[in-house]
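Chemist: My structure is below; once you've seen it, I'll send some questions.
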Amino acid sequence: MYTQAMDTAGREPAERPAAGEGTPALRSADELPLEQRFDARIDAGEFIEAKDWMPEHYRRTLLRQISQHAHSEIVGMLPEGRWITRAPTLKRKAILLAKVQDEGGHGLYLYAAAETLGSSRDQMIQALHSGKSKYSSIFNYPTLTWADVGTIGWLVDGAAIMNQVPICRCSYAPYARAMVRICREESFHQRQGFESLLTMMQGGTEAQRAMVQDAVDRWWWPAVMMFGPPDDQSPNSAQSMRWGIKRFSNDDLRQKFIDAAVDQARELGVTLPDPALRWNEARQHHDHGPIDWAEFWRVIAGDGPCNRERIHARVQAWEEGAWVREAALAHERRQAVQQQAA
Ligand SMILES: [Fe+2]
Ligand SMILES: [Fe+2]
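Numbers 127 to 468, taken from this note's numbering, label the letters of the sequence shown in order.
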């Protein structure tokens with residue numbers, strides 16, 4: 127998952143852009159030709175590699191987006207992870223185990239991509255734990271029933287695919303390469319979720335169908351919010367599009383997601399909880415009801431149903447893993463000594 131909703135810097139005190147971020151930095155005479163060359167490469171659709179010169183603002187924007195994306199992947203393991211021991215069959219357990227493991231892998235690819243921009247893994251983890259760095263708002267909602275797991279696959283991974291496929295062509299090559307691998311797995315995640323819900327809707331009991339509908343009722347609006355604030359309230363979007371970091375606006379991606387979900391909901395036999403949702407012949411898209419942006423900003427700012435629980439779980443895992451990191455470093459040191467002796 128899960129990047130578009132990350133375009134939120136500047137709204138909360140903890141996320142205030144640092145000096146030079148948010149406004150174009152003053153350039154030295156040396157930098158001007160470098161920046162012109164950089165802009166020309168972007169305009170020509172070329173990829174930028176880690177070793178290439180890049181404007182500081184571009185580097186910071188990418189670092190913020192990729193690290194927040196990485197955090198979203200690993201925090202995203204938590205809501206579903208708690209269902210691994212309670213999956214209804216061995217098959218579902220194996221699928222969920224593989225999916226949660228995939229998300230951990232996505233986090234690792236993305237932390238590695240972010241490290242190429244000059245931040246250490248420890249710095250990024252510290253920023254997550256202190257609340258300075260954000261992750262996708264969607265993971266601050268609880269998973270109350272087994273149907274939530276299928277619904278996350280269908281809607282949350284489905285929204286992630288809409289967001290992430292365009293990033294496979296992002297101008298920063300290490301990020302684009304990571305996304306190619308990630309998108310292949312996200313598409314499996316979406317399909318397993320849909321198939322799990324379809325099984326309950328078509329072959330299940332009345333209670334199971336009601337459980338699916340309840341999960342869809344709770345996850346629909348948070349999933350719609352995953353695309354981030356409306357375009358007119360998304361201050362970083364224009365620059366990110368200019369730099370080829372972002373290819374479509376938040377509202378365009380949200381519309382694509384809603385249009386696709388309406389057809390899929392019909393196939394499933396569930397009702398999307400938006401009475402204003404209807405086809406608009408003139409626009410050739412679905413109209414939808416108002417989105418509660420106050421809720422979105424509240425959750426991003428740290429006051430969603432599970433924000434504290436999620437950060438607590440991450441900090442605890444980090445502390446309990448200290449001995450593993452120490453052992454790995456000791457092993458590395460010993461190998462280096464052995465290599466020198468050989
Ligand atoms: Fe993922
Ligand atoms: Fe996923």
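C-beta atoms are modelled at their ideal positions from N, C-alpha and C, and glycine is treated no differently.
1. Tell me which residues share the same chain as I264 and place their Cβ nearer than 6 Å to its Cβ, disregarding the 5 neighbours each side in the sequence.
2. Drop a sphere of 10 angstroms on the beta-carbon of W280, count the other beta-carbons inside from all chains shown, and report buried for 16 or more, exposed for fewer.
3. Go ahead and label E241 buried or exposed: buried means 16 or more other beta carbons lie within 10 angstroms of its beta carbon, across all protein chains shown.
4. As a quick check of your reading: which residues have a C-beta less than 5 Å from at least one non-hydrogen atom of ligand 2, in chain order?
5. How many Å lie between I371 and R163 at the Cα?
6. Assign Y235 to one of three DSSP states: helix, strand, or coil.
7. Assuming T277 contacts L323 (C-beta within less than 8 Å), just tell me the rounded distance between them.
8. Going by beta-carbon coordinates alone, are Q442 and H411 separated by less than 8 Å?
9. Quick one: measure Cβ to Cβ for P399 and W346, integer angstroms, because I've assumed they're closer than 8 Å.
10. How big is the Cα-Cα spacing for P426 and D418?
11. Is any heavy atom in ligand 1 found nearer than 7 Å to the beta carbon of E321?
12. Tell whether a beta-carbon distance below 8 Å holds between Y261 and L188.
13. Rounded to the nearest angstrom, what separates V450 and R373 at their Cα positions?
14. State the start and end residues of the unbroken alpha helix (DSSP H) segment that holds D413.
15. Grouping DSSP H, G and I as helix and E and B as strand, with all else coil, what is N433?
16. By the DSSP assignment, the alpha helix (DSSP H) with R404 in it spans what residues?
17. When you compare the region 265-276 with the region 422-436, are there three or more beta-carbon pairs, one atom per stretch, that lie closer than 8 Å?
18. Got a sec? Which residues, its chain only, sit under 7 Å from R436 by beta carbon, not counting five neighbours each side?
19. If we count the other Cβ atoms within 10 Å of its Cβ and call it buried at 16 or more, is W405 buried or exposed?
20. Taking just the CA atoms, how far does R368 sit from L455?
21. Roughly how many angstroms lie between the CA atoms of R424 and Q465, to the nearest whole one?
22. Got a sec: does ligand 1 put a non-hydrogen atom nearer than 7 Å to the Cβ of E199?
23. Based on Cα-Cα distance, which residue from R307, T325, E311 and L160 lies nearest to V396?
24. In this structure, does DSSP put Y261 in helix, strand or coil?
25. What three-state label does DSSP hand Y267 in the structure shown?
26. So for I417, helix, strand or coil by DSSP?
Modeler: Let's see:
1. V282, P348 and M352
2. buried
3. buried
4. D283, E312 and H315
5. Looking at the two C-alpha atoms, the distance is approximately 17 Å.
6. Reduced to three states, the DSSP call for Y235 is helix.
7. 7 Å
8. In this structure, Q442 sits away from H411, with a CB-CB distance that is not shorter than 8 Å.
9. 5 Å
10. Strictly speaking, residue 426 in this sequence is Ile, with Pro absent from that position. Those two C-alpha atoms are separated by around 13 Å.
11. Relative to the non-hydrogen atoms of ligand 1, the Cβ of E321 never comes closer than 7 Å to any of them.
12. no
13. 40 Å
14. No alpha helix (DSSP H) holds D413; the beta strand (DSSP E) holding it covers H411 to D413.
15. helix
16. Premise fails: R404 lies in the beta strand (DSSP E), R404 to N406, not in any alpha helix (DSSP H).
17. yes
18. V201, L204, F265 and N266
19. exposed
20. 42 Å
21. Between the alpha carbons of R424 and Q465 lies a distance of about 53 Å.
22. Yes - ligand 1 has a heavy atom lying nearer than 7 Å to the Cβ of E199.
23. T325
24. coil
25. coil
26. Looking at I417 - three-state DSSP - the assignment turns out to be coil, as it is neither helix nor strand.
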